[in-house]
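Worksheet: the structure to be examined is printed underneath.
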Amino acid sequence: MISRQSLTTDWLKQVSAKNRKADPLLVEKVIRALLLLWVFQRNIHNEKETVEK
């Protein structure tokens, strides 16, 4: 799971600095996209469990 810390400005700046000065905006977009995929996957899994019962 992605922690809430990974959505803070300070964390994004640290990651950007550690990774060849990656664009912090791009890093944030990737983290948010992964978080969205995780939420979708979790919801789909929960729906399947409900249908199977």
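When we follow our numbering, the leftmost residue of the sequence shown carries the number 1140, and every step to the right adds one.
Note that beta-carbon positions come from the ideal geometry of N, C-alpha and C, so glycine has one too.
Fair warning: this is a prediction, and the values are worked out from it, not measured in the lab.
When DSSP states are grouped into helix, strand and coil, residue 1148 belongs to the helix group. By the 16-neighbour rule on beta-carbons within 10 angstroms, residue 1164 is exposed. The three-state secondary structure of residue 1155, taken from DSSP, is helix.
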